[in-house]
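In this text, residue positions in the sequence shown follow the working numbering: the first is 616, and each later residue adds one. Don't be surprised by glycine CBs; every beta carbon is placed ideally from N, CA and C. These numbers come from a predicted model, not from an experiment. To start, the structure under review is shown below, and the notes come after it.
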Amino acid sequence: MRDFGFKDQVTRSGLSIPSNIAEGIERSLPADCIKFLRYAKGSCGELRTQVYIGMEIDYIQREIGR
616 MRDFGFKDQV TRSGLSIPSN IAEGIERSLP ADCIKFLRYA KGSCGELRTQ
666 VYIGMEIDYI QREIGR
């Protein structure tokens with residue numbers, strides 16, 4: 616990717632997903648676990664949107680983004 620800011624945002628949201636899942640699983644209260652799983656789900660949506668945008672602006676090859 617040519618755009619450092621875009622690459623950084625994709626990287627941060629991609630790393631956020633497993634990090635939030637791990638943190639949620641380690642919580643003792645079910646409500647806390649669910650909260651972090653919802654954060655992870657939100658990060659999935661964010662990453663998916665960034666991939667779509669990346670394909671539209673030719674930062675990500677369509678074969679890779681699918």
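Beyond the five residues adjoining it in sequence on each side, I632 comes within less than 8 Å, by CB distance, of A655, S658, C659, L662 in the same chain, given in chain order. Setting aside the 5 residues that flank it on each side, E638 is surrounded in the same chain by F651, each with a C-beta closer than 8 Å to its C-beta; the list follows chain order.
L644 sits in coil when the DSSP states are folded into three classes, being neither helix nor strand. The same chain holds no residue with a CB closer than 6 Å to that of I640 once the five nearest residues on each side in sequence are set aside. For I675, there is no enclosing alpha helix (DSSP H), as DSSP marks it with neither H nor E.
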